[in-house]
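Some notes on the structure that comes next.
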Amino acid sequence: MSLFKDALRPCRSSCQMRNLYIVPKKPFHQTRELSTSPPIAGAAEEEVQAAHRYCLNLLEKYDRPSYTLSTFIPRQTQPAYIALRALNSTLSLIPDTTSSHTIGLMRLQFWREAIAKTLAGTPPKEPIAILLASAIEDLHHRSDGKAKLSKNWLNRMVNAREQTLTNDPYPNLEAVESYAENTYSTLLYLTLSTMPMASVTADHVASHIGKAAGIAAVLRGLPIVAFPQQVQQAQGGPVQGGSRQGAVMLPLDVMAQAGVKEEEVFRRGAEAEGLRDAVFTVATRASDHLITVQQMLSNLRAGSDVGHDFEHEGEEDHQYAVGDGSQHESPLDEVNRAFGVFMPAVATRLWLDKLESVDFDIFRPELLRSDWKLPWKAYMAFRRKSF
33 MSLFKDALRP CRSSCQMRNL YIVPKKPFHQ TRELSTSPPI AGAAEEEVQA
83 AHRYCLNLLE KYDRPSYTLS TFIPRQTQPA YIALRALNST LSLIPDTTSS
133 HTIGLMRLQF WREAIAKTLA GTPPKEPIAI LLASAIEDLH HRSDGKAKLS
183 KNWLNRMVNA REQTLTNDPY PNLEAVESYA ENTYSTLLYL TLSTMPMASV
233 TADHVASHIG KAAGIAAVLR GLPIVAFPQQ VQQAQGGPVQ GGSRQGAVML
283 PLDVMAQAGV KEEEVFRRGA EAEGLRDAVF TVATRASDHL ITVQQMLSNL
333 RAGSDVGHDF EHEGEEDHQY AVGDGSQHES PLDEVNRAFG VFMPAVATRL
383 WLDKLESVDF DIFRPELLRS DWKLPWKAYM AFRRKSF
């Protein structure tokens with residue numbers, strides 16, 4: 033079955049999956065000097081620089097695609113990008129580094145409180161919080177106090193992770209999309225706001241790309257969540273999280289339609305009846321979002337609007353009256369200026385193409401490896417401003 037021939041890849045599973053990537057020792061941009069924000073009150077410059085190194089190392093270990101793609105982020109936005117992506121990785125790892133649901137909830141609550149203190153300019157002595165606070169202070173100076181990071185969006189990322197503590201099933205494909213919107217799309221909104229950019233068109237593009245990336249992350253993590261102890265043992269480390277029960281994190285309606293039974297997946301793995309069909313259905317939804325983005329870009333280049341309304345326009349934090357210096361830009365100019373933020377679309381497409389090449393066998397080991405083509409594909413996409 034063909035999925036992408038007409039087409040112009042978190043959650044805790046995504047970060048755990050990335051820990052299995054084969055990582056080159058010297059990435060193409062490792063030696064370049066990244067910009068750092070001015071120190072915040074109460075934090076020495078050395079402390080901010082140490083926090084920057086910590087977060088960058090965290091991405092290198094647990095989120096190689098974001099580490100690679102950071103080179104395309106505008107220089108003044110890179111510290112915020114690195115801090116936000118490090119926060120996302122840390123939240124993703126909580127279920128696998130805690131021994132009980134209660135401790136996991138406590139860790140999430142720590143981050144809610146840390147976010148509140150960080151936004152107030154008094155971050156805890158934690159590297160991610162220190163770097164994020166420094167980036168927020170820099171954003172305040174660059175925008176003359178007009179731009180800010182949304183506390184609602186940051187808390188939304190934390191709250192969305194509660195489901196991963198218990199492996200609650202997604203009732204339908206729309207629930208997977210909602211999870212992706214609350215994590216990966218929100219991560220892109222936050223990054224855009226640190227440029228700063230308040231654009232309905234840019235947010236609209238980010239929403240679709242984030243949903244595609246989030247859905248792909250759920251699929252990518254399916255073997256990890258289904259067989260957590262086997263994966264941890266394969267990594268050579270102790271089994272974390274006590275006797276956590278595995279789960280098949282596919283939407284229940286898709287599993288029912290394809291005839292997938294969870295116990296069959298536990299017994300037969302990739303050979304479980306209907307599993308490939310179910311994976312195909314979910315992957316198709318992710319691909320649809322990327323195809324939609326490509327059509328939106330084509331419409332903008334043709335001089336028309338994107339072709340459909342942004343479903344979140346008018347919601348809190350999706351207001352676009354903030355004067356960020358881009359009010360005289362066309363929607364296409366805004367998208368081009370923010371194009372580096374949209375580069376996760378390239379990594380998502382590469383992973384989905386690889387999934388199709390193995391006939392949607394989600395347990396194939398190739399899907400656990402980093403893609404050596406990502407730097408080149410990302411460079412070409414950024415240069416052409418097209419995915």
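Just so you know, the numbering used here puts the end of the sequence shown at 419, numbered straight through with nothing missing.
Just so you know, even glycine gets a beta-carbon here, dropped at the ideal spot from N, CA and C.
Predicted, not measured: the structure shown is a model, and the values here were computed from it.
Proximity test, Cβ basis, 9 angstroms: residue i and chain B
| i | result |
| --- | --- |
| residue 418 | Absent here is chain B; the protein component of the structure consists of one chain. |
Limits of the unbroken alpha helix (DSSP H) element including residue i
| i | result |
| --- | --- |
| residue 366 | 363 to 369 |
| residue 360 | Neither: residue 360 is in no alpha helix (DSSP H) and is coded neither H nor E. |
| residue 252 | 232 to 252 |
| residue 189 | 183 to 192 |
| residue 320 | 307 to 333 |
| residue 383 | 376 to 389 |
| residue 149 | 133 to 151 |
| residue 407 | 406 to 416 |
| residue 160 | 159 to 174 |
| residue 88 | 77 to 94 |
| residue 208 | 205 to 212 |
| residue 120 | 110 to 125 |
| residue 298 | 294 to 300 |
Beta-carbon proximity check, residue i vs residue j, cutoff 9 angstroms
| i | j | result |
| --- | --- | --- |
| residue 204 | residue 337 | no |
| residue 308 | residue 247 | no |
| residue 409 | residue 378 | yes |
| residue 121 | residue 140 | no |
| residue 160 | residue 119 | yes |
| residue 123 | residue 193 | yes |
| residue 251 | residue 304 | no |
| residue 302 | residue 201 | no |
| residue 190 | residue 117 | no |
| residue 386 | residue 406 | no |
| residue 228 | residue 174 | yes |
| residue 249 | residue 297 | no |
| residue 419 | residue 369 | no |
| residue 417 | residue 322 | no |
| residue 260 | residue 128 | yes |
| residue 104 | residue 342 | no |
Closest Cα partner of residue i within the set the options
| i | options | result |
| --- | --- | --- |
| residue 383 | 369, 343, 413, 319 | 319 |
| residue 244 | 294, 210, 254, 257 | 210 |
| residue 254 | 396, 177, 179, 117 | 396 |
| residue 208 | 104, 282, 252 | 282 |
| residue 241 | 414, 153, 375 | 375 |
| residue 178 | 352, 412, 388 | 352 |
| residue 86 | 77, 100, 115 | 115 |
| residue 162 | 138, 342, 76, 129 | 76 |
| residue 373 | 170, 199, 157, 216 | 216 |
| residue 151 | 331, 170, 101 | 170 |
| residue 147 | 100, 186, 99, 132 | 186 |
| residue 132 | 344, 199, 412, 256 | 199 |
Supposed close pair residue i, residue j - CB separation, criterion 8 angstroms
| i | j | result |
| --- | --- | --- |
| residue 225 | residue 181 | 6 angstroms |
| residue 364 | residue 317 | No, residue 364 and residue 317 are not in contact; Cβ-Cβ is about 27 angstroms, not under 8 angstroms. |
| residue 212 | residue 164 | Actually they are not in contact, since the Cβ atoms of residue 212 and residue 164 sit about 22 angstroms apart, beyond 8 angstroms. |
| residue 348 | residue 184 | 6 angstroms |
| residue 339 | residue 326 | Contact flag wrong, Cβ pair sits at about 11 angstroms. |
| residue 371 | residue 311 | Residue 371 to residue 311, Cβ: 30 angstroms. No contact. |
Stretch-stretch touch, CB-based, cutoff 8 angstroms, three pairs: the stretch 229 to 237 with the stretch 278 to 298: no
Stretch pair the stretch 101 to 109 + the stretch 78 to 86: three plus CB contacts closer than 8 angstroms: no
Given 8 angstroms, three or more beta-carbon pairs between the stretch 236 to 253 and the stretch 217 to 224: yes
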